[in-house]
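Here the structure comes first, spelled out in structure tokens, and everything after it is commentary.
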Amino acid sequence: MMKKRIFLLLLIFCLGLGGCGKKEEQTKKKTTATEETGIASKDAMLTLSMRIPETLNPLLNREETVDRILKLLFLPLLDFDESGKACPAVAQNWEFSADGRSLSMNLNSNIRWQDGTALTADDVVYSVNTLRNAPEDAVYKQVMNYVSGCSKTGTNSVVITFRDSFSSNIDALRFPIIPAGYYSGQSDTNTKPVGDGPYEMESYQQASEMKLKASASYYGSTPQISEIRVKMTAGEETDINAFEQGMTDVLVTNAMDAGKYADESVSGMHQFTSNQYDFIGFNFRKELWKDKSVRQAVAYAVPRDNLKESVYLNYAAMTNTPINPKSWLYEENVATYEYNPTMATTFLKNSGWTDADKDGKLEKEISGIRQSLRATILVNQENTGRVQIASKLKEELTAIGFEVTLDKVDFETYQQSLESGQFDLVVGGWKCSEVTDLTPFFGTGGSLNYIGYSDADMDTLLTAARTAVGEGQTLLAYSSLQKKLAEELPYISIAYRNQAVFASKNIGGEVHPVESNVFRGIEAWTYQKGE
């Protein structure tokens with residue numbers, strides 16, 4: 038049951054390339070955001086949006102848009118830059134033990150809570166214990182899959198212990214820290230947050246709006262924008278309507294929607310590479326795909342440049358490995374397969390596939406029987422982008438001699454086909470965790486290894502990458518692993534899709550969103566209400 042639950046959660050994230058089909062529906066509806074949700078016209082104040090929160094305790098919260106806003110009020114234990122490397126936040130420096138099972142951290146002694154008290158090690162210990170008892174679907178609950186405990190070693194120092202030696206343990210430490218004194222001693226903390234971030238709550242109207250003001254106790258640079266209004270909305274469509282009508286200043290959505298907001302009210306689209314990864318997978322239970330030359334032929338038949346333009350509209354980071362190309366772990370020097378149908382044909386010929394009767398279809402004698410080169414491509418019909426990729430792949434494979442069937446099915450059937458191994462090729466995707474581990478996908482018997490791949494050398498490299506200690510060892514291990522993945526081709530990696538922050542013309546300054554925090558660096562933003 039757990040395997041199916043994980044599978045469902047991952048694939049639900051990956052159903053579509055974004056709201057590509059929503060614009061037409063919205064333009065038909067003349068209802069304004071005000072009529073739909075009661076959002077009033079805004080005055081000269083930066084206005085953001087989030088869903089109606091169940092709680093404003095960031096460790097108990099279960100909603101992504103609420104988490105985005107709470108990042109303005111609470112600092113994380115560790116921050117992470119555009120490449121995914123850990124940066125100081127509440128912790129100012131840290132050191133792993135030799136076995137990688139524990140991490141000693143010194144805290145920033147200059148941080149003050151918004152009630153005037155100092156942040157101490159007790160707050161970090163309390164935060165970890167709060168997460169331990171948080172709802173299973175809380176935003177940061179997965180931290181406890183990696184962290185086993187936290188102990189105080191001094192007023193401003195702690196030791197985090199992990200469940201095992203794992204190279205990506207540090208990536209789990211992006212959770213916010215809350216003040217133990219306040220949250221353990223108050224009864225109404227769910228709607229009256231006290232944090233340590235650049236903003237603090239000024240007022241709160243249930244199910245309507247929240248106002249923030251620049252925090253006088255923030256240890257960092259004073260925000261250029263002194264006040265922020267946060268409107269509470271019913272869903273993504275309401276967010277879009279409110280942004281289009283100028284009632285909010287920021288919209289976080291798919292970068293492929295750029296054309297919808299290219300008008301005088303929008304100052305810019307600020308892209309960032311998401312964790313949404315697209316690939317073509319081979320079913321290694323089928324004898325055909327155990328032949329590396331055939332896999333290489335398919336790789337050379339993938340028109341990557343065409344896909345970037347026609348499917349992703351150039352809003353994607355094309356990748357040669359399953360690691361995000363923006364990551365500090367990404368290895369550029371791997372085997373690549375640029376579009377080359379002639380090379381694809383050569384690999385098939387070298388593997389014994391020929392067109393003896395000159396009908397444009399390849400055959401091969403196997404066990405005394407002349408067999409045609411056939412493939413069925415599985416794809417979820419509800420995912421427009423991946424259907425486009427699968428259709429283009431069918432066209433290209435047909436051109437080099439395959440007989441191809443496109444199996445476009447509903448999500449439930451798609452899931453069943455993956456789990457039962459009823460496919461040849463699959464055009465699929467994952468929303469990859471920020472805690473990097475490729476073992477479930479490519480390790481022998483891995484929980485998400487739906488392609489049935491197994492290789493002893495790959496297992497060794499996966500183990501080395503998973504258990505490396507320190508940046509140097511980890512970088513080297515992931516370099517070797519990616520080179521092996523590109524050489525063996527259990528997947529043909531295609532792209533990581535881009536997301537974007539669309540900002541109104543009222544916003545100035547540098548906007549540099551990242552996947553883990555779209556408002557990262559908001560202290561440097563400026564705001565001036567247009568005429």
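Last residue of the sequence shown? That's 568 in this note's numbering, and every number before it is there in order.
The beta-carbon is built from N, C-alpha and C at its ideal position, and this holds for glycine as well.
Have a look at the DSSP bridge pairing and note the partners of residue i.
i	result
Arg411	Glu440
Gln308	Ala537
Glu132	Ser141
Asn554	Val551
Ile529	Ile317
Trp467	Tyr314
Gly283	Gly283 is not bridged to any residue.
Leu462	Phe319, Ile414
Ser188	Val196
Ala155	Arg149
Val446	Asn417
Given a cut-off of 9 Å on the beta-carbon distance, is the pair residue i and residue j in contact?
i	j	result
Tyr528	Gly318	yes
Leu110	Ala175	no
Met87	Ile106	yes
Gln536	Ala292	yes
Arg534	Thr310	yes
Glu273	Ser252	no
Asp208	Thr504	no
Phe321	Tyr490	yes
Val127	Leu144	yes
Pro113	Trp562	no
Tyr314	Asn343	no
Glu368	Arg341	no
Ser120	Ser364	yes
Ser258	Glu560	yes
Thr198	Ala158	no
Val441	Leu385	no
Leu410	Asp286	no
Phe14	Leu288	It is not possible to answer for residue 14, since the shown part of the chain is limited to 38 through 568.
Val506	Ser202	yes
To which residues of the same chain is residue i closer than 8 Å at the C-beta, ignoring the five residues directly before and after it?
i	result
Thr69	Any reading at Thr69 must be qualified, since the residue scores a pLDDT of 43, below 50, and its modelled position is unreliable; the value itself is stated next. Here the set comprises Asn278, Gln282.
Pro378	Tyr337, Ala338, Glu433, Ala436, Ile437
Leu498	Ala514, Ser517, Leu518, Lys521
Asp496	Gly480, Thr481
Excluding five sequence neighbours on each side, which residues of the same chain lie with their C-beta closer than 6 Å to the C-beta of residue i?
i	result
Gly389	Lys401
Arg423	Val416, Val464
Val165	Cys187
Glu61	The pLDDT assigned to Glu61 is 34, lower than 50, so where the model puts this residue is not dependable; a value taken from the coordinates is nonetheless given after this. Nothing listed; no residue qualifies.
Leu366	Ile360, Tyr515
For residue i, does the three-state DSSP call read helix, strand or coil?
i	result
Leu96	coil
Arg211	coil
Gly628	Coverage of the chain is limited to positions 38 through 568, which leaves residue 628 absent and any answer about it impossible.
Thr84	strand
Ile277	helix
Asn143	strand
Val161	helix
Leu498	helix
Val5	The structure shown has nothing for residue 5, since the chain only spans 38 to 568.
Tyr564	strand
Gly509	helix
Val127	coil
Ile488	coil
Val402	Checking the sequence shown, residue 402 turns out to be Glu, not Val. Correct three-state label for Glu402: strand.
Thr290	strand
Val542	What sits at residue 542 in the sequence shown is Lys, not Val. In the structure shown, Lys542 sits in coil (DSSP, three-state: anything other than H, G, I, E or B).
Val180	helix
Lys521	helix
Lys395	coil
Ala77	At Ala77, the pLDDT of 45 sits below 50, so the modelled position is not reliable; the number obtained from the coordinates is stated separately. Three-state DSSP puts Ala77 in coil, outside helix and strand.
Ile559	helix
Asn166	helix
Ile426	helix
Glu91	coil
Glu432	helix
For residue i, which residues from the same chain have a beta carbon less than 7 Å from its beta carbon, with the 5 sequence-adjacent residues on both sides left out?
i	result
Thr154	Pro216, Gly218
Glu524	Ala372
Leu455	Val463, Tyr487
Thr192	Thr157, Ala158
Ser245	Met269
Leu350	Met293
Lys327	Phe321
(message) Going residue by residue through the region 314 to 392, where are the continuous beta strand (DSSP E) segments of at least 3 residues, counting only ones entirely within it?
(response) 353 to 355
(request) Within the region 190 to 269, note down every full beta strand (DSSP E) run reaching 3 residues or more, in order along the chain. (result) 194 to 199, 236 to 242, 246 to 251
(request) Run through the region 97 to 122 for me and flag every whole beta strand (DSSP E) of 3 or more residues, listed as ranges in chain order. (result) The region 97 to 122 contains these whole beta strand (DSSP E) runs: 115 to 117.
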